[in-house]
Amino acid sequence: MNWYTFTSEEAFNTWHEKLKARLGYPLPSLDQEGNVIGEPYTTEYTSVVKYADADWRTIIDEQYAQDLTLSTEPIFVDERGTIG
Amino acid sequence: MIGAITAGLFSPTSGQLPVSGAALWLDASDANTFTFSSGSRVSEWRDKSGNARNMTQATSTYQPNRTATQNSLSAVKMRESSVKYFMRNTSYNWANSAFTMLCVVRPLVGEYTAYLSQDASAHLQLGQDPSTPSVLAISRISQATATSNLTLANNTTGQITYKSAGVSSGTVVVQIYKSKVAASSTITLGSLSTQAVTMIGGSRSDLAPTIADFYGDGGFLCELIVYPSQLNDTDRNAVEDYLIAKWGL
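In structure tokens:
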């Protein structure tokens, strides 16, 4: 898994919807043996967070990240110091 | 009656808790309480208390991984490498009235670790402070932390209990125990809000995928129980003994 950057939330959403369609989302709900036991619950592959203007960061498995712009983990700072 | 000892029915593997009346019971060793999206990635972790306060995660990259082991029992990893996992229930407010939260965890603390939290700034989380050695603490999320004198070292599995009358007029007073030993004094935080969101593994889903207040890489959760009351010493010790025996501490 690596961090990647998109220039806008819309650009991420467009890419994300294409990936989910390709991977067959939503994913089924399985028991420990892999048997389907309920309605599909896993609806999203990943999500995105705004780090700066034109810098929306997300974490993606490398195998799905062709042509994306590699980035780094965004660091947010709160009143106590670094939190992530 | 909440907190009554269920005499004669208890053993660490009996499928019952030694004290009845839990509000939330997450047991990583019980495969029947999990739903997976693929392999060991957890999309739902069902509450065994009977209150259906199930924890869920609908996004693949944040789904915890049930691949850890403690005392030959399965446990749930809440972070791997740079990926931080969390789960939520959006209809349970554990902080606005009395609670006793008992858990078995293995932390690797690099930031403010949340064993049980809510999901917004200025709300309560129960966890650890990233000082060295890591101290057991409570936080007003993203704003302030109050520490106890107890520690749980990185890469060490421990049993921890947090007991409180709950958040009242924005203030909470918490007594922490580690393996039945009480911290030297209670700790207090003010200016708190509460909400009907319960979260494990993190405390700021608005920051996902950089979710804050996670268990460190290699950390995991074995079992977490919440009672909607302040357990008396007899009942608290009974549940702590159950957890300590079951998880080989």
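Residue numbers (this note's numbering), protein chains in the order written: chain P, 28 to 111; chain X, 6 to 254. Here a beta-carbon is modelled for each residue, glycine too, at the ideal position from N, C-alpha and C.
For this session: Scan the stretch 24-48 of chain X for residues whose Cβ lies nearer than 9 Å to a Cβ of chain P and list them as they occur along the chain.
Result: 36, 37, 39, 40, 41, 42, 43, 44, 45, 46 and 48
Problem set entry | Contacts that residue 82(P) makes with chain X (C-beta to C-beta distance below 7 Å) | Neighbours of residue 82(P) on chain X: none; closest Cβ ~13 Å, over 7 Å.
Exercise. Residues bridged to residue 187(X) by DSSP?
Worked result: 182(X)
For this session: Pick helix, strand or coil for residue 39(P), following the three-state DSSP scheme.
Result: helix
For this session: Report the rounded CA-to-CA distance for residue 9(X) versus residue 32(X), giving the unit in angstroms.
Result: Confidence at residue 9(X) is low in this model, with a pLDDT of 46, below 50, so the placement of that residue should be treated as unreliable; the coordinate-derived value is given next. Spanning the two alpha carbons is a distance of roughly 20 Å.
For this session: Have a look at the DSSP bridge pairing and note the partners of residue 71(P).
Result: 64(X)
Problem set entry | Closest residue to residue 215(X) among 42(X), 30(X), 37(X) and 66(X) (Cα-Cα distance) | 66(X)
For this session: Use the C-beta contact count for residue 230(X): other C-beta atoms within 10 angstroms, 16 or more gives buried, fewer gives exposed.
Result: buried
Exercise. Of all Cβ atoms in chain X, is any one closer than 8 Å to the Cβ of residue 106(P)?
Worked result: yes
Exercise. In three-state terms, what does DSSP make of residue 84(P)?
Worked result: strand
Problem set entry | Distance CB(residue 56(X))-CB(residue 100(X)) smaller than 8 Å | no
Problem set entry | Delimiting residues of the alpha helix (DSSP H) encompassing residue 250(X) | 238-251
Exercise. With C-beta atoms as the reference, is residue 192(X) less than 8 Å away from residue 152(X)?
Worked result: yes
Problem set entry | Per DSSP, the bridge partner or partners of residue 121(X) | 131(X)
Problem set entry | Cβ of residue 91(P) within 8 Å of any chain X Cβ | no
Problem set entry | Counted within 10 angstroms of its Cβ, other Cβ atoms place residue 30(P) as buried (16 or more) or exposed | buried
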